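In our numbering, the protein residues as written are 213 to 388.
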């Protein structure tokens with residue numbers, strides 16, 4: 213019995229040492245190596261369009277697009293959708309189209325990138341309740357085109373994840 217007690221004491225001491233090392237490393241991080249930046253090229257903007265100290269002419273053209281005119285209606289950063297048997301996180305975005313643009317619209321393009329996924333279930337993408345995607349979606353870019361008759365002045369774009377199947381302990385996660 214003495215050997216078991218010694219092992220328990222040794223285990224407790226090792227645990228206390230690990231806690232002390234963890235606390236020490238949290239308050240005293242290791243120093244970062246020095247960063248040396250090397251300038252590849254140096255440019256001077258100059259004075260294009262200037263005569264003396266005042267501007268000669270100023271033109272504001274706005275967006276110029278060769279071919280068909282395009283406009284970004286919504287741009288969001290990274291989002292995460294996930295679902296398990298006990299919790300769910302889905303993302304819903306309101307996409308508004310100006311009334312003057314509804315009569316001229318030819319199509320709406322939805323494009324996004326799946327950055328990370330565990331592929332435990334399907335990724336569902338819905339536009340105004342109409343399903344665009346419902347399948348396991350590996351890491352890559354996705355693009356969908358919406359017909360003009362499915363575009364309204366106020367639209368809803370939903371991203372959701374399905375249940376992880378038999379993996380009841382896990383989340384089905386997609387980072388978009």
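C-beta atoms are modelled at their ideal positions from N, C-alpha and C, and glycine is treated no differently. Quick caveat: nothing in here was measured; it's all calculated off a predicted structure.
- request: Check each candidate in 374, 298, 362 and name the one with the smallest Cα separation from residue 332.
  value: 374
query: In chain order, what residues of the same chain lie with their CB nearer than 6 angstroms to the CB of residue 327, ignoring the 5 residues before and after it?
result: 387
task: Assign residue 381 to one of two classes, buried (16 or more other C-beta atoms within 10 Å of its C-beta) or exposed (fewer than that).
output: exposed
message: Quick check for students: name the residue ranges of the beta strand (DSSP E) that lie wholly in the segment 324-381, counting only runs of 3 or more.
response: 335-339, 342-347, 352-358, 366-373
query: Taking the alpha-carbon positions, what's the residue 233 to residue 239 distance?
result: 10 angstroms
Distance, residue 285 Cα to residue 299 Cα: 31 angstroms
Rounded Cβ spacing between residue 338 and residue 356 (contact assumed at less than 8 angstroms): Contact flag wrong, Cβ pair sits at about 11 angstroms.
- prompt: DSSP state of residue 239, grouped into three classes?
  reply: helix
Exposure of residue 384, with buried meaning 16 or more beta-carbon neighbours within 10 Å: buried
task: Put residue 216 into one of helix, strand or coil per three-state DSSP.
output: helix
- prompt: Using a C-beta cutoff of 8 angstroms, does residue 227 count as contacting chain E?
  reply: Of the chains in the structure shown, none is chain E; there is only one protein chain.
- prompt: Hey, how far is the Cα of residue 289 from the Cα of residue 369?
  reply: 14 angstroms
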